[in-house]
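**Q** Could you have a look at this structure, given as structure tokens, before my questions?
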Amino acid sequence: LATAVLASCTPAPPRYLTATSSPVRKAETARGGTGRVTRVELTAAPTELDLAGTTASTWSFGAVPAPTIRLSAGDTLHATIHNRLPTDTSVHWHGVALRDDMDGVPGLTQKPIASGEDFDYEFVAANPGTYWFHPHVGPQLDRGLYGALIVDDPHEPLSYDDEWVVILDDWLDGVTGTPDQVLKELSGGMGGMMSGGGGHMMMGARSELLGGDAGDVAYPYFLVNGRPAADPETFSSASGKRVRIRFINAGGDTAFRVGLGGHRLTVTHSDGFPVTPVDTDAILIGMGERYDAIVTLADGVFPLVAAAEGKGAAAFALVRTASGQAPRTTASIPELTRSVLTADKLTADPSVILRKRPVDRELTATLSGSMMAYDWAINGHRFDPSNPLAGALGVKQGERVRLRIVNTTQMWHPFHLHGHTYQHAGPGPRKDTSIVLPGRSLTVEFDADNPGRWAAHCHNIYHAEAGMMTVLGYQ
Ligand code: C2O
Ligand code: CU
Numbered sequence: 022l023a024t025a026v027l028a029s030c031t032p033a034p035p036r037y038l039t040a041t042s043s044p045v046r047k048a049e050t051a052r053g054g055t056g057r058v059t060r061v062e063l064t065a066a067p068t069e070l071d072l073a074g075t076t077a078s079t080w081s082f083g084a085v086p087a088p089t090i091r092l093s094a095g096d097t098l099h100a101t102i103h104n105r106l107p108t109d110t111s112v113h114w115h116g117v118a119l120r121d122d123m124d125g126v127p128g129l130t131q132k133p134i135a136s137g138e139d140f141d142y143e144f145v146a147a148n149p150g151t152y153w154f155h156p157h158v159g160p161q162l163d164r165g166l167y168g169a170l171i172v173d174d175p176h177e178p179l180s181y182d183d184e185w186v187v188i189l190d191d192w193l194d195g196v197t198g199t200p201d202q203v204l205k206e207l208s209g210g211m212g213g214m215m216s217g218g219g220g221h222m223m224m225g226a227r228s229e230l231l232g233g234d235a236g237d238v239a240y241p242y243f244l245v246n247g248r249p250a251a252d253p254e255t256f257s258s259a260s261g262k263r264v265r266i267r268f269i270n271a272g273g274d275t276a277f278r279v280g281l282g283g284h285r286l287t288v289t290h291s292d293g294f295p296v297t298p299v300d301t302d303a304i305l306i307g308m309g310e311r312y313d314a315i316v317t318l319a320d321g322v323f324p325l326v327a328a329a330e331g332k333g334a335a336a337f338a339l340v341r342t343a344s345g346q347a348p349r350t351t352a353s354i355p356e357l358t359r360s361v362l363t364a365d366k367l368t369a370d371p372s373v374i375l376r377k378r379p380v381d382r383e384l385t386a387t388l389s390g391s392m393m394a395y396d397w398a399i400n401g402h403r404f405d406p407s408n409p410l411a412g413a414l415g416v417k418q419g420e421r422v423r424l425r426i427v428n429t430t431q432m433w434h435p436f437h438l439h440g441h442t443y444q445h446a447g448p449g450p451r452k453d454t455s456i457v458l459p460g461r462s463l464t465v466e467f468d469a470d471n472p473g474r475w476a477a478h479c480h481n482i483y484h485a486e487a488g489m490m491t492v493l494g495y496q
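If you want it as structure tokens, here you go:
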């Protein structure tokens with residue numbers, strides 16, 4: 022219905038560039054690159070996951086998470102995907118400003134990879150940073166199909182002794198249902214709940230930090246690097262070492278508040294881009310966001326706790342620099358309530374602050390919908406995969422774009438734009454995924470320098486699937 026109303030009052034949409042058009046190829050050529058190629062193979066297939074003695078069946082790229090992919094800025098990644106799932110899939114390289122035809126969004130940038138088929142992704146990763154990858158088909162990422170993609174900076178100004186990748190996840194597949202079942206239950210809204218469904222629906226769990234409902238889904242497991250709290254991931258190092266921790270929230274419906282017992286964290290990067298360093302006790306990380314932090318390790322055994330915000334549970338890992346008894350699994354540590362860093366407290370590092378220039382185009386993405394109806398939408402339009410360009414936001418190559426993301430709902434949303442790293446007004450941090458609080462708005466700016474068709478959506482995977490997704494299209 023929203024589509025019909027919109028269609029009747031909007032002029033015919035402009036023609037947007039296709040993913041394989043010559044401007045897309047030109048932009049890739051302009052990225053240049055080192056010419057070095059890193060080759061990886063990923064097989065998406067049914068997997069057994071060991072959860073502290075309980076075996077669960079799920080889907081993964083061989084393991085949860087997939088092995089980390091690593092390259093140096095300017096290198097080309099050549100990734101061959103073997104789809105051995107019983108259904109279509111794809112791989113999206115979250116946060117990477119890459120060529121549009123390699124962005125992994127079926128219906129927009131490529132055909133889905135059918136069951137039994139293979140697909141080669143090949144692109145230059147120009148910007149260093151902490152990225153990750155996951156399918157862009159249904160709520161598949163919530164099964165465990167994800168991994169980290171680290172693009173190293175050959176001229177890294179930071180010095181540290183060790184590096185850990187910490188991937189946080191909320192996880193249920195094969196335990197109490199599949200993400201597809203959950204999506205169905207949620208899509209029935211509260212109505213479905215009353216009539217007996219809704220076994221996974223969160224009710225009345227609120228988060229003060231997020232200003233409302235904590236999330237939609239109650240999960241039985243929260244994982245760090247695929248490990249449950251009862252059999253925790255353990256990071257070993259030595260007292261006095263400086264460690265760079267790359268935090269990635271791969272969850273489907275959970276913000277994590279993460280901290281390391283007995284330590285302060287110095288946040289150095291937001292979504293892969295450097296910020297003016299800020300010290301904090303904890304960090305709030307929405308789905309799809311990444312933060313890098315430096316920590317100087319003390320002597321002992323310490324809990325790394327990622328509280329599932331407002332959900333009364335936590336993902337848990339151990340940091341060990343000495344022998345001794347491991348602390349007990351806990352859902353909280355004092356650090357989590359002392360000081361919590363959110364993106365609005367950050368400033369982009371001078372090396373990545375957008376050059377000041379007049380704004381050429383103003384766009385608005387108004388987020389709407391309710392838990393009751395589960396009718397999540399952008400600009401009054403629920404995304405329709407069979408007509409993906411309906412309601413698209415148009416830009417022209419070379420423009421400075423100001424985008425206002427207006428949240429009219431009573432729930433928070435992690436908004437994600439593909440193919441670009443915008444800057445929060447201020448100048449705030451450079452990011453590609455940002456928490457927008459209920460009833461609030463967020464203004465960001467970016468340069469339209471990556472032609473193509475780019476998905477822009479809520480990274481609550483259930484909201485995106487229910488329709489909170491649109492397209493940024495280059496005319
Ligand atoms: Cu991780 Cu379209 O996103
Ligand atoms: Cu959302």
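Start counting the sequence shown at 22; every next residue gets the next number (UniProt numbering). For glycine and all other residues, C-beta sits at the position ideal for the given N, C-alpha and C. Please read all numbers here as calculations on a predicted model, not as lab measurements.
May I ask you to report which of helix, strand or coil DSSP gives Ser42?
**A** Within the sequence shown, the letter at position 21 stands for residue 42. In the three-state reduction of the DSSP assignment, Ser42 falls in the coil class.
**Q** Where do the ends of the beta strand (DSSP E) carrying Glu69 lie?
**A** In the sequence shown, the residue the question calls residue 69 occupies position 48. Val58 to Leu72 is the span of the beta strand (DSSP E), which, as asked, contains Glu69.
**Q** Could you give the first and the last residue of the continuous beta strand (DSSP E) run that contains Ile482?
**A** Position 461 of the sequence shown, counted from the first residue, corresponds to residue 482. Taken as a continuous stretch (DSSP letters only), Ile482 belongs to no beta strand (DSSP E), being part of the alpha helix (DSSP H) at Ile482 to Ala487.
**Q** Do His290 and the ligand C2O come close, with the Cβ less than 7 Å from some heavy atom?
**A** Residue mapping note: residue 290 aligns to position 269 of the sequence shown, counting from 1. Not one heavy atom of the ligand C2O falls within 7 Å of the beta-carbon of His290.
**Q** Report yes or no: do the region 392–411 and the region 106–119 share at least 3 C-beta pairs separated by less than 8 Å?
**A** no
**Q** Classify Asn481: buried if its beta carbon has 16 or more other beta carbons within 10 angstroms, exposed otherwise.
**A** For this step, residue 481 is matched to residue 460 along the sequence shown. Buried is the call here.
**Q** Is the region 395–410 touching the region 452–462, taking contact as three or more C-beta pairs under 8 Å?
**A** Counting Cβ pairs under 8 Å, fewer than three are found: no touch.
**Q** Which value, in whole angstroms, describes the spacing of the CA atoms of Leu305 and Val279?
**A** Your numbering for residue 305 matches position 284 in the sequence shown. Your numbering for residue 279 matches position 258 in the sequence shown. Using only the alpha carbons, I get a separation of about 7 Å.
**Q** Can you tell me whether DSSP reads Val158 as helix, strand or coil?
**A** For the purposes of this step, residue 158 is identified with residue 137 of the sequence shown, where counting begins at 1. The answer is coil: DSSP assigns Val158 none of H, G, I, E or B.
**Q** According to DSSP, simplified to helix, strand and coil, what is Ser208?
**A** Walking along the sequence shown from the start, residue 208 turns up at place 187. Here Ser208 sits in helix by DSSP.
**Q** The beta strand (DSSP E) with Glu143 in it runs from where to where?
**A** By one-based count along the sequence shown, residue 143 stands at place 122. Its beta strand (DSSP E) spans residues Asp139 to Val145.
**Q** With a threshold of 7 Å, establish whether the CB of Ala476 neighbours any heavy atom of the ligand C2O.
**A** Position 455 of the sequence shown, counting from 1, holds the residue named residue 476. For the ligand C2O, at least one heavy atom lies less than 7 Å from the Cβ of Ala476.
**Q** Using 8 Å as the threshold, is the region 90–100 in touch with the region 66–82, meaning 3 or more CB pairs across them?
**A** no
**Q** Can you tell me whether Gln496 is helix, strand or coil according to DSSP?
**A** Position 475 of the sequence shown, counted from the start, is the residue given in the question as residue 496. Coil, per DSSP.
**Q** CB His197 to CB Pro241, shorter than 8 Å?
**A** Residue 197 sits at position 176 when you count from the first residue of the sequence shown. Residue 241 sits at position 220 when you count from the first residue of the sequence shown. For the record, residue 197 in the displayed sequence is Thr; it is not His. For Thr197 and Pro241, yes; Cβs fall inside 8 Å.
**Q** Ignoring anything shorter than 3 residues or poking outside the region 311–340, list the beta strand (DSSP E) runs there in chain order.
**A** 311–317 and 322–329
**Q** Which of the three DSSP states, helix, strand or coil, is assigned to Glu356?
**A** Within the sequence shown, the letter at position 335 stands for residue 356. Three-state result, Glu356: helix.
**Q** Give every residue of the same chain whose Cβ lies closer than 7 Å to the Cβ of Gly217, excluding the five residues on either side of it in the sequence, and list them in chain order.
**A** As a working note, residue 217 is residue 196 in the sequence shown. Residue confidence for Gly217 is low, a pLDDT of 49 falling below 50, so the modelled location carries little weight and cannot support an answer.
**Q** Output the distance between the C-alpha atoms of Val126 and Thr110, rounded to the nearest integer angstrom.
**A** One-based indexing of the sequence shown puts residue 126 at position 105. One-based indexing of the sequence shown puts residue 110 at position 89. The alpha-carbon atoms of Val126 and Thr110 are separated by roughly 9 Å.
**Q** Return the chain-ordered list of same chain residues with a C-beta closer than 7 Å to the C-beta of Gly309, the five sequence neighbours on each side being excluded.
**A** Along the sequence shown, read from residue 1 onward, the residue named residue 309 stands at position 288. Excluding sequence neighbours, Gly309 sits near His115, Asn270, Pro435, His437, Thr454 and His480.
**Q** Determine the contact status of Ala329 and Thr275, defining contact as a CB-CB distance below 8 Å.
**A** To locate residue 329, count along the sequence shown from 1; it is residue 308. To locate residue 275, count along the sequence shown from 1; it is residue 254. Yes, they are a contact pair.
**Q** Could you pull out every unbroken beta strand (DSSP E) segment of at least 3 residues lying fully inside the UniProt domain "Plastocyanin-like" (384–493), listed in chain order?
**A** 414–416, 421–428, 434–438, 443–445, 454–457, 462–468 and 474–479
**Q** Between Val186, Ala66, Phe323 and Val299, which lies nearest to Ala135 when the distance is taken from Cα to Cα?
**A** In the sequence shown, residue 135 corresponds to position 114, counting from 1. Comparing Cα positions, the closest option is Ala66.
**Q** Distance check for Trp397 and Ala23, CA to CA, integer angstroms please.
**A** One-based indexing of the sequence shown puts residue 23 at position 2. One-based indexing of the sequence shown puts residue 397 at position 376. Since pLDDT at Ala23 reaches only 48, below the 50 mark, its modelled position is unreliable, and the value read off the structure follows with that caveat. Straight through space, the alpha carbons of Trp397 and Ala23 are spaced by roughly 12 Å.
**Q** By how many angstroms is the C-alpha of Gly232 removed from the C-alpha of Gly225?
**A** Your numbering for residue 225 matches position 204 in the sequence shown. Your numbering for residue 232 matches position 211 in the sequence shown. Their Cα atoms are separated by approximately 13 Å.
**Q** His220 and Glu206: beta carbons closer than 8 Å?
**A** Taking the sequence shown and counting its residues from 1, one reaches residue 220 at position 199. Taking the sequence shown and counting its residues from 1, one reaches residue 206 at position 185. According to the sequence as given, residue 220 is Gly; it is not His. Yes. Within cutoff.
**Q** Compare the C-alpha of Leu357 against each of Val85, Glu184 and Leu325 and name the closest.
**A** Taking the sequence shown and counting its residues from 1, one reaches residue 357 at position 336. It is Leu325 whose Cα lies nearest to the Cα of Leu357.
**Q** So what does Met222 bridge to, in DSSP terms?
**A** Sequence index remark: in the sequence shown, residue 222 carries index 201 (1-based). Note: Met222 sits in a beta bridge opposite Val238.
**Q** What number of angstroms, rounded off, separates the C-alpha of Thr50 from the C-alpha of Glu143?
**A** For the purposes of this step, residue 50 is identified with residue 29 of the sequence shown, where counting begins at 1. For the purposes of this step, residue 143 is identified with residue 122 of the sequence shown, where counting begins at 1. One C-alpha to the other measures close to 13 Å.
**Q** From Thr68, Asp121, Ala147 and Met222, pick the residue whose C-alpha is nearest to that of Gly53; which is it?
**A** The residue you call residue 53 lines up with position 32 of the sequence shown. Selected option, being the one with the closest Cα: Ala147.
**Q** Span of the beta strand (DSSP E) holding Val172?
**A** Along the sequence shown, one-based indexing puts residue 172 at 151. It spans Gly168 to Asp173 - the beta strand (DSSP E) in which Val172 sits, taken as one unbroken run.
**Q** Which of the three DSSP states is assigned to Asp121 in this structure?
**A** As a working note, residue 121 is residue 100 in the sequence shown. In this structure, Asp121 counts as helix in the three-state DSSP scheme.
**Q** So who's on the other strand from Tyr152, going by DSSP bridges?
**A** Position 131 of the sequence shown, counted from the first residue, corresponds to residue 152. In DSSP, Tyr152 forms a bridge with Leu170.
**Q** Count the other CB atoms, across all protein chains shown, that sit within 10 Å of the CB of Thr491; report buried if there are 16 or more and exposed otherwise.
**A** The residue labelled residue 491 in the question sits at position 470 within the sequence shown. With 16 or more other Cβ atoms within 10 Å, it is buried.
**Q** Please report the Cβ distance between Pro249 and Leu339, rounded to the nearest whole angstrom; I am assuming they are in contact, meaning their Cβ atoms lie under 8 Å.
**A** To locate residue 249, count along the sequence shown from 1; it is residue 228. To locate residue 339, count along the sequence shown from 1; it is residue 318. Pro249 to Leu339, Cβ: 13 Å. No contact.
**Q** Between Trp80 and Pro160, what straight-line distance do the alpha-carbon atoms span, to the nearest angstrom?
**A** The sequence position of residue 80 within the sequence shown is 59, counting from 1. The sequence position of residue 160 within the sequence shown is 139, counting from 1. C-alpha separation (whole angstroms): 12 Å.
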